[in-house]
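In the working numbering, the protein residues as written are 3 to 225. Every residue, glycine too, gets a C-beta built ideally from N, C-alpha and C. The structure under discussion appears below in the form of structure tokens.
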Ligand SMILES: C[S@@+](CC[C@H](N)C(=O)[O-])C[C@H]1O[C@@H](n2cnc3c(N)ncnc32)[C@H](O)[C@@H]1O
């Protein structure tokens, strides 16, 4: 993974370019804006607005990568104050010297948490803060087995054209089975085939306004 290249996206935040896949980790129209819109606003904030009496939330992220969705969830939760159980899958963890050079416009307190998130042990549940528990697993989704149910799934895999094996009916069916009732899966991808496959496995799917530079995104709910 050391052949990754740094790029600055349109909102000034960093992303990484993987030349083997010819693919970026985030939207080049704005990594930070994309993550804030797709995963935080349409995923996490939507959950807390919908379930006002909820005390806790189980989140599963497919593709931890730079940890951007994780740190943004942590920051948002300083307002929301849920007990967050955050599980993240990443078969190819980034090296620390790459992480240290990413710029997500974090202040110094947030940067300390970002380092904690990246530096903490894999395969252990770690308390990042009183209300934020993180378990990073160095696993491919295919090898991930759990008895837990997830209220929100951040589906942040590389695009279907680049990693088609992660956008199949079998994968969505596996995710549907571990989504809690009324739980959601959010993804930046709005492809018709992806929407139909999510519906096929049982989700009810909304096409929502996308982040800057992208017309639409998808939110799938297990009703
Ligand atoms: C589009 S990037 C997004 C990463 C991350 N969410 C971020 O904000 O940086 C996709 C991530 O999925 C990871 N990945 C690749 N294959 C995977 C698999 N089979 N299961 C889970 N994650 C995978 C990649 O290594 C990469 O970190």
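Fill in: Start-to-end residues for the beta strand (DSSP E) that takes in residue 123
Here residue 123 belongs to no beta strand (DSSP E), and DSSP marks it neither H nor E.
Could you work out which residue in 207, 164, 64 and 102 is closest to residue 143 when comparing CA atoms only? 64
task: Pull up the distance between the alpha-carbon of residue 11 and that of residue 104, whole angstroms please.
output: 11 Å
field: Own chain partners of residue 126 with C-beta closer than 8 Å, once the 5 adjacent residues on each side are dropped
entry: 137
With a threshold of 8 Å on Cβ separation, who are the neighbours of residue 212 within its own chain once the five nearest residues in sequence on each side are excluded? 39, 40, 190, 192, 218 and 219
Please report the distance separating the alpha-carbon of residue 202 from that of residue 93. 28 Å
Start and end of the beta strand (DSSP E) containing residue 168?
Run containing residue 168: none; DSSP gives neither H nor E here.
Is residue 27 helix, strand or coil when you go by DSSP?
-> coil
(Q) Suppose contacts are defined by Cβ-Cβ distances below 8 Å. Is residue 158 in contact with residue 185 by that definition? (A) no
- To the nearest angstrom, how far is it from the Cα of residue 215 to the Cα of residue 145? 34 Å
Exercise. What whole-angstrom Cβ distance do residue 85 and residue 58 have, given they're in contact under 8 Å?
Worked result: 4 Å
Cβ of residue 64 versus every heavy atom of ligand 1: is any distance shorter than 7 Å?
yes
For the alpha helix (DSSP H) containing residue 260, list its first residue and its last residue. No statement about residue 260 is possible, as the shown extent of the chain runs from 3 to 225 and does not include it.
- prompt: Do residue 66 and residue 33 have their C-beta atoms closer together than 8 Å?
  reply: no
Checklist entry - Is the Cβ-Cβ distance between residue 118 and residue 130 less than 8 Å? => result yes
Legend entry - Close beta carbons around residue 6, own chain, < 7 Å, minus the five adjacent residues each side: 18, 19, 20 and 100
Exercise. Grouping DSSP H, G and I as helix and E and B as strand, with all else coil, what is residue 75?
Worked result: helix
Residue burial classification, residue 53 (beta-carbon count within 10 angstroms, cutoff 16): exposed
May I have the straight-line CA-CA distance separating residue 170 from residue 87, to the nearest angstrom?
-> 26 Å
What do you reckon, is the C-beta of residue 88 under 7 Å from a heavy atom of ligand 1?
no
Check: Taking 7 Å as the line, does the beta carbon of residue 91 fall inside it for any heavy atom of ligand 1?
Finding: yes
Residue 209, DSSP secondary structure in three states = strand
**Message:** Using a Cβ-based criterion (distance less than 7 Å to any ligand heavy atom), does residue 12 qualify as near ligand 1?
**Reply:** no
query = Taking the C-alpha atoms as reference points, what is the distance between residue 69 and residue 37?
reply = 11 Å
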